[in-house]
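Asks: So that we are looking at the same thing, I have put the structure below in C-alpha cells.
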Amino acid sequence: MKFCAVKQYFDDENNNNITSGASTTMIPLPNVESHPLAILITYCKKHLKIKANNADNKKETEKEMEQYEQELLKKVMPQELTELILAANYLNFKEALDFFCRAVASAIQNKSIEFVRKFFGLESDFELGEEEKLREEFAWSFEGVDED
Amino acid sequence: MEDGYYIGRRWEDLDTDILVKIFQSFDILELTSGIAHVCSAWRMACCDPLLWKTLDLSMMKSNFIKIPLEPYVYVDGRSDKILTRLLKISMSLSRGNITTLIFHFNLFVSDEQLTYTAERCPQLRRLVLPAWNRIKKTGICKAIRAWKDLESLTMPGIANPPYLMEEISKNCKNFRELKIMGPCDKFFASTLATFLPTLKVLSLRCSMLYKEALIIVLDSLPHLEVLNISHCLLIEVLPPPGPKKVVSEIDQSIIEKASRLREFLTCMNDSCTMCQRTKIDEGLMRWYRYEEGLWKADEKQNKMLLNKYKWQPSLWSCVAKDILPQVGLVLTHD
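Below, the structure written as C-alpha cells:
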C-alpha cells in the first residue's frame with residue numbers, strides 16, 4: 000500500500016472494532032494541504048496503473064514512470080515541491096518522496112545560497128561571527144554558480 | 000505573506016532525514032558549494048555521517064605539465080588552491096566520519112594536502128591513493144600513522160616499497176587488501192612477504208608481473224585468499240645470456256600453487272581488449288588513454304558477488320538471471 004499513514008489509520012480503526020459499512024470514510028489528515036494531496040493521489044493512481052499495465056516488465060514500468068514524472072514536473076511550480084515533499088513525508092509515501100527529493104535536488108543544484116534560501120523561505124540564523132567565518136570557508140564557491 | 004511564512008516554518012521543522020536524502024544525490028562539488036551555508040539546520044544536515052562515509056574525489060585531476068626535473072610535474076597554482084579549499088570544507092563537514100577515500104591517479108597531491116586530510120580521517124578503512132610525485136617519504140608515513148584502521152589500499156606503483164610497507168605493517172593492524180597499479184618485480188614481492196605476510200587480497204591486474212615475483216607471492220603469503228593477475232604481462236627472466244620472455248600461458252606448477260587460493264583470477268588472452276592494452280603499454284598502463292573510470296574496475300569485485308550465493312541447482316536460474324549480466328555473461332537457456 001502506498002499511503003502508509005492512511006493504511007495505519009485503517010489498521011488502527013479495525014483494531015478498535017469499528018464497523019465501517021460505508022464505502023466512504025473520513026480520514027483526518029491535518030498536516031496535508033488539499034492541493035499537494037490531490038497531486039499525490041493522481042501520482043499514486045498513475046503509478047499503480049502503469050504497474051498493472053506492465054505486470055511482468057519492470058523496465059517498461061520504470062520507463063513509463065519516468066516519462067510521467069517528467070511531464071508532472073513541467074506542470075508543478077518549483078515552490079510547490081516543498082509542499083509535496085512535506086505531504087509525501089507525512090503520508091509515508093516512499094516512491095513519491097524519493098521522486099520529489101530528486102526533483103528538489105535538481106532545482107537547487109548549482110544555484111546561489113540566496114536562491115536556495117528564497118526557494119525554501121529560509122533565513123540565515125548564523126551568528127554574525129559565524130557567518131563571517133563561513134563566508135571565508137566558502138569564498139571560492141561563488142564562482143561557477145548559475146544565474147538565479 | 001502568511002502562507003509563505005507558514006511553509007517556511009514547516010520546512011525548518013522538517014526532518015533532517017529529508018534534507019540528508021536530498022543532499023545524497025549531490026556530488027562532492029555540489030555538497031561543498033555553499034549548501035552548508037544556507038542556515039544552521041542545513042549545515043547540521045550537511046554534516047550527517049550518511050553523506051560522508053565515502054569521499055570520492057576521483058573527478059578531480061590536477062592541471063599540470065610534465066617537467067624534466069623532480070618532482071617531474073608542475074601543478075598550476077589555481078588547480079592546487081581549488082583542491083586545498085575542497086579538502087578543507089570536506090574535512091570540516093565530514094567530522095571524522097570518512098571511511099572510504101578515493102583520489103584520482105592523476106591528482107598530484109602535495110605532502111601538506113595529504114597529511115591535512117589524513118589527520119582528519121582517523122576512521123579511514125579504504126583508500127585509493129593519488130599520484131606520488133609530490134608526496135615525500137615523511138608525508139606518506141605521517142599519513143599512514145593517522146590511519147590505524149586502514150584495511151584496503153589501492154596505490155600507483157612505487158620504486159622503493161619497503162618503507163611504505165613497513166609503516167603499514169607497524170600501524171595498520173587490520174590491513175588485508177592491496178591493489179598495485181604498476182609493475183611487480185621480485186623485490187616488490189619480497190617486500191610484501193616480509194612486511195605484509197597477513198595479506199588476504201592482492202590485485203596486480205593490467206601490469207608487468209615477473210614470474211619469479213608471482214612465485215614468491217604464491218609461496219610466501221600464507222593467508223592470501225584472492226589473487227588477481229588478470230591481463231598482466233607475465234615476464235620470465237631466463238638465465239643469461241637469455242633475454243626476458245613474455246609468458247603466454249600459466250604453467251601447471253603455478254596453477255598447483257594457486258589451487259589453495261579461494262580465488263585465482265587470470266586472463267591471458269590475445270583477443271581480450273585489456274590484455275592487448277597492457278601489451279601495447281608495455282606493462283605500465285596508460286589509463287588516461289582509455290574510458291573514464293576504467294582504472295577503477297577490478298575482477299575480484301564481480302567474483303565476490305558470485306560467492307554471495309551458495310551453489311544450489313534449484314536456485315541456479317534465479318541467481319543466474321541476476322548475477323550473470325553483472326559479470327558480462329548471458330544465460331542462453333533456462
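First to last, the protein sequences are chains A and B.
Just so we're aligned, residue 0 is where the first sequence starts under numbering that gives the first Met the number 0, counting upward by one.
Just so we're aligned, residue 0 is where the second sequence starts under numbering that gives the first Met the number 0, counting upward by one.
We put the beta carbon where it would ideally sit given N, CA and C, even for glycine.
Closest Cβ-Cβ distance between A:F2 and chain B: below 8 Å?
Replies: no
Asks: Measure the C-alpha to C-alpha separation of B:D47 and A:F92 and round it to an integer number of angstroms.
Replies: Their Cα atoms are separated by approximately 23 Å.
Asks: Cβ closer than 8 Å: which chain A residues qualify as neighbours of B:C38?
Replies: R116, L121, E122, S123, D124 and F125
Asks: Quick one: what's got a C-beta closer than 8 Å to B:L283's C-beta in the same chain, skipping five residues either side?
Replies: Exclusion of the five residues before and after B:L283 leaves G156, G181, P182, S206 and M207 as the residues of its chain whose Cβ lies within less than 8 Å of its Cβ.
Asks: In chain A, which residues lie less than 7 Å from B:K334 when you measure between Cβ atoms?
Replies: Nothing about residue 334 of chain B can be reported from this structure: the residues present for chain B run from 0 to 333 only.
Asks: Note down, in chain order, every chain B residue with its Cβ under 7 Å from the Cβ of A:I112.
Replies: Neighbours of A:I112 across chain B, judged by C-beta separation under 7 Å: G33, H36 and V37.
Asks: Just to make sure I have the definition right: I need the residues of chain A whose C-beta is within less than 7 Å of the C-beta of B:E118. Which are they?
Replies: The premise fails here: B:E118 is roughly 18 Å from chain A at the closest Cβ pair, so nothing lies under 7 Å.
Asks: Against chain A, does B:S57 count as a neighbour if the rule is that its beta carbon must be under 8 Å from one of theirs?
Replies: Not one chain A Cβ lies under 8 Å of B:S57.
Asks: Please give me, in chain order, every unbroken run of the beta strand (DSSP E) with length at least 3 that falls completely inside the segment 189-256 of chain B.
Replies: Segments of the beta strand (DSSP E) lying fully in the segment 189-256 of chain B: 200-202, 207-209, 225-227, 232-236 and 243-245.
Asks: Just the Cα atoms here: how many angstroms apart are A:K48 and B:W41?
Replies: 37 Å
Asks: Checking 8 Å against the spacing of the C-beta atoms, do B:T265 and B:S229 come in under that value?
Replies: It is a contact, given that the beta carbons lie within the stated cut-off.
Asks: Our contact map puts B:T31 next to B:I97 with C-beta atoms below 8 Å; I'd like the distance itself, whole angstroms only.
Replies: Distance from B:T31 to B:I97 at the Cβ level is roughly 13 Å; contact not present, criterion being Cβ atoms closer than 8 Å.
Asks: DSSP state of B:D14, grouped into three classes?
Replies: coil
Asks: Quick one: which chain B residues come within Cβ less than 7 Å of A:V103?
Replies: I21
Asks: Can you give me the start and stop residues for the alpha helix (DSSP H) that B:K80 sits inside?
Replies: G76 to S93
Asks: DSSP three-state call for B:K63: helix, strand or coil?
Replies: The residue you asked about is not Lys; residue 63 of chain B is Phe in the sequence shown. It is a strand residue.
Asks: Going by alpha carbons, who is nearest to B:Y209 out of B:T15, B:S247 and B:L293?
Replies: B:S247
Asks: Any C-beta of chain B sitting closer than 8 Å to the C-beta of A:S140?
Replies: Caution is warranted here: a pLDDT of 46 is assigned to A:S140, below 50, making its placement in the model unreliable, and no coordinate value can be reported.
Asks: If we call anything under 8 Å between Cβ atoms a contact, is B:L260 one with B:L223?
Replies: yes
Asks: Whole-angstrom Cβ separation of A:N88 and A:L96, contact assumed at under 8 Å?
Replies: 6 Å
Asks: Report the rounded CA-to-CA distance for B:I134 versus B:K178, giving the unit in angstroms.
Replies: Approximately 19 Å, taken between the alpha carbons.
Asks: Give the interface partners of B:D47 over in chain A, defined as CB-CB distance under 8 Å, in chain order.
Replies: The contacting residues do not exist; B:D47 stays about 14 Å from chain A at best.
Asks: Report the three-state DSSP secondary structure of B:L304 (helix, strand or coil).
Replies: Any reading at B:L304 is ruled out, since the residue's pLDDT is 41, under 50, leaving its predicted position unreliable.
Asks: Beta-carbon of A:I84 versus every beta-carbon of chain B: anything under 8 Å?
Replies: yes
Asks: What's the C-alpha gap between B:F25 and A:L83?
Replies: 20 Å
Asks: Going by beta carbon distance, what residues of the same chain come within less than 8 Å of B:D297, once the five residues before and after it are set aside?
Replies: K178, S202, R204 and N227.
Asks: Mapping DSSP to helix, strand and coil, what is A:I26?
Replies: coil
Asks: To which residues of the same chain is B:V108 closer than 6 Å at the C-beta, ignoring the five residues directly before and after it?
Replies: P129
Asks: For A:G128 and B:K65, what's the separation of their Cα atoms in angstroms?
Replies: 44 Å
Asks: Cβ of B:D14 less than 8 Å from any chain A Cβ?
Replies: Under the Cβ criterion of 8 Å, B:D14 is counted among the residues facing chain A.
Asks: Are any of the Cβ atoms in chain B nearer than 8 Å to that of A:N56?
Replies: no
Asks: So that I know if they touch, is there some Cβ in chain B lying closer than 8 Å to that of A:L80?
Replies: no
Asks: Please decide whether A:N53 counts as near chain B, where near means a Cβ-Cβ distance under 8 Å.
Replies: no
Asks: Mapping DSSP to helix, strand and coil, what is B:S151?
Replies: strand
Asks: Mark B:Y71 as exposed unless 16 or more other C-beta atoms lie within 10 angstroms of its C-beta, in which case mark it buried.
Replies: exposed
Asks: Output, in chain order, the set of chain B residues within a Cβ distance shorter than 7 Å of A:L133.
Replies: H36
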